[in-house]
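Reviewing the structure listed below.
Chains as they are written, first to last, in our numbering: chain A, 1 to 154; chain B, 155 to 308.
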């Protein structure tokens, strides 16, 4: 049976980024040397205890500039449209962004990170430790993306 | 300035899982051979186009049994508490779960997957393609988790 529930989230922080609008954010931020600052609201500071020990974290955020979505989308990586859920488009029914970033430094409740492609002012929803044993898989098939990222020099 | 915004999400589907309650879900589902069914509501079916080509997908869901949180938590992997954001505890300010799973088969709007540790009835929020070039990192430091997962035989 279809549930019509609606779930509510409150951001735990805000991302300060060198990318002031969506046109400035790189398509694949993981290649960038740019530094972003993740400000975790002070009431959650204790939850960051021991995070300095991790070199990489998973950042989940809200695509706050996203408005609406299409179920078939064209991406920079192919000339034909593909199903939205086979892409990383920010225009999604639940506009949740996800990036694995390098944790460069912590200054109290602010995390300096490298490789985050979110734009300035993005609401922060969650931080999780990146654990290769848990988060990595031996991938056999990449679908329509096979060879595309490499072919574009990216 | 602190933003007091509240963000709303509507699930795009529901997860049918062999784990009927939180006590039954494995701590590290990626090791399990159990099959779960991800039912994507039919109105989003077109967004699954071409997904069969991908062997692995990222599933984002709502920890619907989670109630409240503590900023310092004890986990099965250590005797002392650590900052919540250095753990994968389901009890979080934004109760978002994230698992990389193997896509075994697609039957219309239902995806059969392996390695998902969500419990039965979990609201589905998003599906993204898993792309090693984008999602994997060469990890140098794992913080307090270093050696813990292996030491527990997990």
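Note that the Cβ used here is the ideal one computed from N, Cα and C, for glycine as well.
Query	Result
Cβ-based neighbour list, residue 180 of chain B, same chain, cut-off 7 Å, excluding 5 preceding and 5 following	186 and 271
Neighbour list for residue 44 of chain A in chain B, Cβ cutoff strictly below 7 Å	225 and 247
Residues near residue 21 of chain A by beta carbon distance below 7 Å, same chain, minus five either side	119
Sub-8 Å separation of residue 121 of chain A and residue 200 of chain B beta-carbons	no
Those residues which DSSP pairs with residue 278 of chain B across a bridge	B:167 and B:215
is_contact[residue 33 of chain A, chain B] using C-beta, thresh 8 Å	no
Straight-line gap, residue 56 of chain A to residue 293 of chain B (C-alpha atoms, nearest Å)	7 Å
Burial state of residue 255 of chain B, where buried means 16 or more other Cβ atoms lie within 10 Å	buried
Own chain residues within Cβ distance below 8 Å of residue 257 of chain B, not counting five before or after	205, 206, 208, 209, 210, 211, 265, 266 and 267
Residues that DSSP places opposite residue 208 of chain B in a beta bridge	A:142
Burial state of residue 64 of chain A (16 or more Cβ within 10 Å)	buried
Closer than 7 Å at the beta carbon, the chain B residues around residue 167 of chain A	Here chain A comprises residues numbered 1 to 154, so residue 167 of chain A is not present and cannot be evaluated.
Min CB distance residue 63 of chain A to chain B below 8 Å	no
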